[in-house]
Amino acid sequence: MDLEKLASRLIPGEFPPLETYEKRYPPRDLPANAEVTRLAPSPTGFIHLGNLFVAIANERIAHQSGGVLFLRIEDTDLKRKVDGAVEAVISALEYFDISFDEGAEIGGDETYAPWYQRQRAEIYRAYARALIKKGRAYPCFCTEEELAALREEQTANKAITGYYGKYAKCRSLSEEEIYAALDAGKPYVIRLRSMGDASHKFTFHDEIKGDVTVTENDQDVVILKSDGIPTYHFAHAVDDHLMRTTLVIRGEEWLASLPIHLELFDVLGFRRPKYGHNCSLMKMDGASKRKLSKRKDPELSLSYYRQEGYHPHAVKVYMLTLLNSDFEEWHRKFPEKPLEEFPFHIRKMSKSGALFDLDKLNDISKTELSALTAEEMLAFLRAWAFAYGSEPQRAYFADEAYLLKVLSLCMGIGGKKRRKDFVTAKQALSMIGYFFGERVQEDAYRVDNATRDAVLQAFLQTYDASDDAQVWFSKVKEVAASLGFAAEMRDYKADPAAYKGSVSDVAEVLRIAVTGRANTPDLWSIMQIMGEEKARARIQSCIGA
RNA sequence: GGCCUUGUGGUCAAGCGGUUAAGACGGCGCCCUCUCACGGCGCAAUCCCGGGUUCGAUUCCCGGCAAGGUCACCA
Numbered sequence: 001m002d003l004e005k006l007a008s009r010l011i012p013g014e015f016p017p018l019e020t021y022e023k024r025y026p027p028r029d030l031p032a033n034a035e036v037t038r039l040a041p042s043p044t045g046f047i048h049l050g051n052l053f054v055a056i057a058n059e060r061i062a063h064q065s066g067g068v069l070f071l072r073i074e075d076t077d078l079k080r081k082v083d084g085a086v087e088a089v090i091s092a093l094e095y096f097d098i099s100f101d102e103g104a105e106i107g108g109d110e111t112y113a114p115w116y117q118r119q120r121a122e123i124y125r126a127y128a129r130a131l132i133k134k135g136r137a138y139p140c141f142c143t144e145e146e147l148a149a150l151r152e153e154q155t156a157n158k159a160i161t162g163y164y165g166k167y168a169k170c171r172s173l174s175e176e177e178i179y180a181a182l183d184a185g186k187p188y189v190i191r192l193r194s195m196g197d198a199s200h201k202f203t204f205h206d207e208i209k210g211d212v213t214v215t216e217n218d219q220d221v222v223i224l225k226s227d228g229i230p231t232y233h234f235a236h237a238v239d240d241h242l243m244r245t246t247l248v249i250r251g252e253e254w255l256a257s258l259p260i261h262l263e264l265f266d267v268l269g270f271r272r273p274k275y276g277h278n279c280s281l282m283k284m285d286g287a288s289k290r291k292l293s294k295r296k297d298p299e300l301s302l303s304y305y306r307q308e309g310y311h312p313h314a315v316k317v318y319m320l321t322l323l324n325s326d327f328e329e330w331h332r333k334f335p336e337k338p339l340e341e342f343p344f345h346i347r348k349m350s351k352s353g354a355l356f357d358l359d360k361l362n363d364i365s366k367t368e369l370s371a372l373t374a375e376e377m378l379a380f381l382r383a384w385a386f387a388y389g390s391e392p393q394r395a396y397f398a399d400e401a402y403l404l405k406v407l408s409l410c411m412g413i414g415g416k417k418r419r420k421d422f423v424t425a426k427q428a429l430s431m432i433g434y435f436f437g438e439r440v441q442e443d444a445y446r447v448d449n450a451t452r453d454a455v456l457q458a459f460l461q462t463y464d465a466s467d468d469a470q471v472w473f474s475k476v477k478e479v480a481a482s483l484g485f486a487a488e489m490r491d492y493k494a495d496p497a498a499y500k501g502s503v504s505d506v507a508e509v510l511r512i513a514v515t516g517r518a519n520t521p522d523l524w525s526i527m528q529i530m531g532e533e534k535a536r537a538r539i540q541s542c543i544g545a
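Numbered as in this note's numbering, the first sequence ends at 545 without a single skipped number.
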């Protein structure tokens, strides 16, 4: 059979010799141990935690080694394309401080462009044509129906499904048959003529999983679809070779198709990159683990964390603690060191899938938020408020000096005594709401109205905004004593029956009157910040209510 | 179902032939305290099961079991 002629017929057009591509995309001039990694999402616009997880690993390894991280868009499937997706991916990752050195819409070095696979169609076709010439690829005219029937037959016979060996009908089509089909205008795909034997196993070293046993590929996989666009497998081999990727870190779901990729690299004469397959983030669903799902789990989406007001740094810290088991200890030891200084190691990545633990994230968030400087906190809250907050919340930022005082009290900002009760910007802003606007009754009094009024009235008479905390509290104690409450907790605990309650009950009444809440930071400080006028007005308004 | 991978407290996990089997989150209790938060102290809770190998297995081997992944002209 004249393969040269067949190749030109199957993939018409003028193509430069393959060396041209090798020259156009030369090996990168990088230090010996530098790794070139990439992120290769399809443009669905949906970017999730799992993507971030892999992105952080790729980013750390590339940049830590003095290498390159690039962004390639796998848009070979038109059905997946969504407008604005690429920008969405970049912006979502940027929020978490993942920056690319080059790639789609990135700018940077364009040597290895284009970064959209659809724009590289000619390259794939050139390599596919070369494969046909070598007899390592052939046209397949099977229809979807025929393929489905094949599958059914195989399933019924308990044979392995797929297009391989004796089931690969078009593999042995004669020259006449091929040209007849072509002349009849039948659509066709180009398949790899696999030389593998599925009964042969070999061990492959995965950078994350260690040595894994894999079976040789014997599937005549499609490399060019009937529209002339490559499948993922083929594009992966061609692109990662030409873009000079050295390390492919990707989801575990790709491990099963690794043999295909390996055969493709080999038959194309490419040097294989290193691979690291990492497990997906799981979630507890009833009694069993399952992959985080786009439909069921809003927390899977990266935009969820932005909207909720999680600090990006906190999310990154959490991802890192899952990514490298000794990160947590390191970060605890050097909380002020930039994350980039952590010696990230691919070997320390877990082999098994981790459950996403919201409690842990929340704990980390609290700690990270409490470590922000006043300026950082202000900037963070403001950014959130103006993007996702309410109108009244935005108004908090009108008087920054006042806001700062509130934050310093409620979050310990600027002081040594940190408070860690806020997980997100959303929560923080809603928790300081009582300093602004009208009083909102959020918690109920636990004493009867008469007692409440008595406490409030007595306090108002003795209240003096110039009192310091000590004096202020001793006055509260006096009010307590005069109304039958124990002034000292010690006394109350010794003999609860002798009193109506304790100072704590009295303080609670005041606290609810001033803030609407039973639990707040130090009440004296709150009243100081709020100012006498407002504090008095609020207490007054509660009497007889 | 075939193939691959993984199996240490509820979760993330160190440990990889002899350990009181780290640590963190969560839970519970106590202390501090006008409430909350912070902080301090403490408690409960783990080596999937069964066989080997060995003086000795969480660690090694085999077999189960369970969980996850994958079997497209989707990535």
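We put the beta carbon where it would ideally sit given N, CA and C, even for glycine.
List the DSSP bridge partners of Asn278.
Answer is Gly251, bridged to Asn278.
Under a three-way DSSP split, which group does Ala465 fall into?
In the three-state reduction of the DSSP assignment, Ala465 falls in the coil class.
Name the two residues that bound the continuous alpha helix (DSSP H) containing Pro392.
Per DSSP, the continuous alpha helix (DSSP H) segment holding Pro392 begins and ends at Glu391 to Ala395.
Under the three-state reduction of DSSP, which class applies to Ala137: helix, strand or coil?
Ala137: strand per DSSP, three-state reduction.
Would you mind reading off the limits of the alpha helix (DSSP H) that contains Arg538?
Per DSSP, Arg538 belongs to the alpha helix (DSSP H) from Glu532 to Cys542.
Glu532 burial status per 10 Å Cβ neighbour count (16 or more: buried)
With fewer than 16 Cβ atoms within 10 Å of its Cβ, Glu532 is classed as exposed.
How would you call Val440, buried or exposed, if buried means at least 16 neighbouring beta carbons within 10 angstroms?
Val440 should be labelled exposed.
Apart from the five residues on each side of it in sequence, which residues of its chain come closer than 7 Å, Cβ to Cβ, to Arg140?
The sequence shown places Cys at residue 140, not Arg. Close CB contacts of Cys140 within its chain, under the 7 Å cut and outside five residues either way in sequence, are with Cys170, Tyr188, Val189 and Arg191 (chain order).
Where Phe334 falls, given that 16 or more other Cβ within 10 Å makes a residue buried:
Around the C-beta of Phe334, fewer than 16 other C-beta atoms lie within 10 Å, and the residue is accordingly described as exposed.
Helix, strand or coil: how does DSSP classify Leu292 here?
Correct three-state label for Leu292: coil.
Sort out for me which residues DSSP pairs His205 with in a bridge.
Per the DSSP secondary-structure output, His205 pairs in a beta bridge with Asp211.
Buried or exposed: where does Ser352 fall if 16 or more other Cβ atoms within 10 Å of its Cβ makes it buried?
Flag for Ser352 reads exposed.
Is Gln457 near Ile543, with beta carbons less than 8 Å apart?
Annotated as proximal: Gln457 and Ile543, with beta-carbon spacing under 8 Å.
Ends of the beta strand (DSSP E) at Ile189?
The sequence shown places Val at residue 189, rather than the Ile named in the question. From DSSP, the beta strand (DSSP E) with Val189 extends over Val189 to Leu192.
Is the number of C-beta pairs between the stretch 289 to 307 and the stretch 18 to 35 that are closer than 8 Å three or more?
Because the criterion of three Cβ pairs below 8 Å is not met, the stretch 289 to 307 and the stretch 18 to 35 do not touch.
Count the other CB atoms, across all protein chains shown, that sit within 10 Å of the CB of Ala401; report buried if there are 16 or more and exposed otherwise.
When all chains shown are included, Ala401 counts as exposed.
Let me know if Asn278 comes out buried or exposed under the rule of 16 or more other beta-carbons within 10 Å of its beta-carbon.
Its Cβ being crowded by 16 or more others within 10 Å, Asn278 is buried.
So, Phe204 versus Leu258, is the Cβ gap smaller than 8 Å?
Contact flag set, yes.
Report all residues from its chain with a CB closer than 8 Å to the CB of Glu263; omit the five preceding and five following residues, and keep chain order.
For Glu263, where only same-chain residues beyond five positions count, the Cβ hits under 8 Å are Leu192, Ser194, Met195, Gly196, Glu216 and Asn217.
Under three-state DSSP, which class holds Phe485?
It is a strand residue.
Please determine, among Ile364, Gln427, Asp399 and Ala354, the residue with the shortest C-alpha to C-alpha distance to Gly389.
Comparing alpha carbon positions, the residue from Ile364, Gln427, Asp399 and Ala354 closest to Gly389 is Gln427.
Do the stretch 475 to 483 and the stretch 496 to 504 meet, that is, are 3 or more Cβ pairs less than 8 Å apart?
In short, these stretches touch, since the Cβ pair count reaches three.
Distance, Ala371 Cα to Ser365 Cα
The alpha-carbon atoms of Ser365 and Ala371 are separated by roughly 10 Å.
Alpha carbon to alpha carbon, what distance is there between Met377 and Ala395?
If you take the alpha carbons of Ala395 and Met377, they lie about 16 Å apart.
Suppose the cutoff is 6 Å on Cβ atoms and the five residues either side in sequence are ignored; what does the same chain contact list for Ala92 look like?
Closer than 6 Å at the Cβ level, and outside the excluded window around Ala92, lie Ile47 and Leu302.
Where Glu488 falls, given that 16 or more other Cβ within 10 Å makes a residue buried
With a 10 Å radius around the Cβ and a threshold of 16 neighbouring Cβ atoms, Glu488 comes out exposed.
Go ahead and label Pro273 buried or exposed: buried means 16 or more other beta carbons lie within 10 angstroms of its beta carbon, across all protein chains shown.
Pro273 is buried by the Cβ-count criterion.
Check whether the Cβ atoms of Leu483 and Arg536 sit closer than 8 Å, and answer yes or no.
No. Outside cutoff.
When you compare only the Cα positions, how much space is there between Ala256 and Gln393?
The alpha-carbon atoms of Ala256 and Gln393 are separated by roughly 50 Å.
DSSP beta-bridge partners for Ser301?
DSSP lists His48 as partners of Ser301.
7 Å CB neighbourhood of Gln219 in its chain, flanking five on each side removed
The residues are Gly162, Tyr163, Tyr164, Ser194 and Ile260.
Could you check where the alpha helix (DSSP H) with Val317 kicks off and where it finishes?
Note, Val317: alpha helix (DSSP H), Pro312 to Leu323.
Are the Cβ atoms of Glu508 and Arg446 separated by less than 8 Å?
Yes.
Cβ shell of Glu548 (< 6 Å), same chain only, five flanking positions each side left out:
In the structure as shown, the chain starts at 1 and stops at 545, and residue 548 therefore has no counterpart that could be examined.
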